[in-house]
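To start, the structure itself, in structure tokens.
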Amino acid sequence: MASFTTLLFSVFTLFSRLVLASSSKNNIPATITIPLTPTFTKNPSTEPLLFLQHLATASMSRSHHLKHGKASPLIQTSLFPHSHGGHTIPLSFGTPPQKLSFLVDTGSHVRSQMCKHFLPDVHLGCPRCNGNSKKCSHACPQYTLQYGTGAASGFFLLENLDFPGKTIHKFLVGCTTSADREPSSDALAGFGRTMFSLPMQMGVKKFAYCLNSHDYDDTRNSGKLILDYSDGETQGLSYAPFLKNPPDYPFYYYLGVKDMKIGNKLLRIPGKYLTPGSDSRGGVMIDSGFAYGYMTLPVFKIVTNELKKQMSKYRRSLEAETSPV
């Protein structure tokens, strides 16, 4: 999902808090006035990108007002590990709702699902048709997503998304009709840094996921995915800021890393590998869609050489390697 020069670290047992947006409490007015104007005008933009930006902005605006109600500032759902290294959340989607398994991917910027999983009686609303797709001549906006391991294409829809204790209406999603490499789950939940991602459309301030340790198997033991609408930091947690994204990869989470250490030895890795450049090369990225950590070859050699040097004084334990986890 990224260039070969990009360092990619997957977080498994670390509880990660990803701060998506920030706002001052002093800027929140005591009274909120919501104008009753139609979301979709009679003459919507014919430019697909502008039209989708309008939809995402409207969705975030709606979530902003909803989150200031009496609802709990936290939404929690189970996060299940799988043998392919990914993690999924069970959610209901569509009208009428049906249960789907969504792969959580912080390296994706849009939420999508394979439309072949839908039953014939499930209603799907095209954004330009204002929910009445059966009597509408407008074509739904199309999309094509390119990934490092494949591609997918389809069209955008507005539908209902059911979280535990909360239903989001007119949620912008992608309906995938063809994929080069189909995901092992029913759908993909994009958690990237764009307005089209699931947390941004819901208007949450931050999200976190806690992953269970497992032996790359499909287990019923689940972790947690937490969506947080509140401001501020949580006591007892350490925070690290994300870096500004390079132009070619605006939806990834880049972490500021100055160097790496094995034991007490600083490896003195060149900064060009640790910080993303203007050419979009380099950088340390957090991506839940990868099962392992990846390094570009020069960095990999530095790390493995130092690891071999420090481990040479230890004897290999076959008992530890072969014993069940």
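Quick note on numbering: the sequence shown equals residues -21 to -1, 1 to 304 in mature numbering (1 follows the signal peptide of the UniProt record, and there is no 0).
Note that the Cβ used here is the ideal one computed from N, Cα and C, for glycine as well.
Quantities reported herein were computed from a predicted structural model and do not represent experimental measurements.
Inset, instruction - Answer with buried or exposed for His88, where buried requires no fewer than 16 other C-beta atoms within 10 angstroms of its C-beta. - result: buried
Legend entry - Unbroken alpha helix (DSSP H) run spanning residue 328, endpoints: The structure shown has nothing for residue 328, since the chain only spans -21 to 304.
Legend entry - Contacting residues, own chain, Cβ-Cβ under 6 Å from Ala131 (five flanking each side not counted): Leu124, Thr155, Ala158
Legend entry - Ordered list of beta strand (DSSP E) runs contained in the stretch 243 to 268, each at least 3 residues: 263 to 265
Legend entry - Residues near Ser176 by beta carbon distance below 6 Å, same chain, minus five either side: His88, Gly169, Phe170
Inset, instruction - Assign Pro60 to buried or exposed, taking buried as 16 or more other Cβ atoms, counted over all protein chains shown, within 10 Å of its Cβ. - result: buried
Inset, instruction - With a cut-off of 8 Å on the beta carbons, I'd call Phe81 and Ala187 a contact; round off their distance for me. - result: About 17 Å separates the two Cβ atoms, so there is no contact after all.
Inset, instruction - Take Phe142 and list the residues in its own chain whose beta-carbon comes closer than 6 Å to its own, dropping the five residues that flank it on each side. - result: Ile54
Inset, instruction - With distances taken Cα to Cα, identify the nearest neighbour of Ala219 among Leu234, Ile241, Tyr208. - result: Leu234
Legend entry - Simplified DSSP state of Lys149, which is helix, strand or coil: strand
Inset, instruction - Would you check if the stretch 220 to 232 and the stretch 244 to 253 touch, i.e. whether three or more CB-CB distances between them fall below 8 Å? - result: no
Legend entry - Sub-8 Å separation of Gln121 and Leu151 beta-carbons: no
Legend entry - CA nearest to the CA of Gly202, picked from Ile68, His63, Pro52, Gly144: Ile68
Inset, instruction - Using the Cα positions of Lys280 and Gly250, report the straight-line distance between them to the nearest angstrom. - result: 16 Å
Inset, instruction - With DSSP as the reference, label Pro52 as helix, strand or coil. - result: coil
Legend entry - Rounded C-alpha distance that separates Leu137 from Thr275: 40 Å
Legend entry - Three-state secondary structure (DSSP) of Pro69: strand
Legend entry - Nearest candidate by alpha-carbon position, reference Met93, set His66, Phe134, Asp210, Asp84: Phe134
Legend entry - Beta-carbon gap between Gly182 and Asn139 smaller than 8 Å: no
Legend entry - Where the beta strand (DSSP E) through Lys185 begins and ends: 185 to 189
Legend entry - Host beta strand (DSSP E) of Leu79 (start-end): 77 to 84
Legend entry - Cβ-based neighbour list, Ser2, same chain, cut-off 6 Å, excluding 5 preceding and 5 following: At Ser2 the pLDDT is 38, less than 50, meaning the model places this residue with poor confidence; the figure from the coordinates comes in the next sentence. Taken in chain order, the list of residues that qualify is empty.
Legend entry - Proximal residues to Asp197 (C-beta, below 6 Å), its chain only, five neighbours per side dropped: His61, Ser62
Legend entry - Chain-order list of residues whose beta-carbon lies under 8 Å from that of Tyr293 (same chain, five-residue window excluded): none
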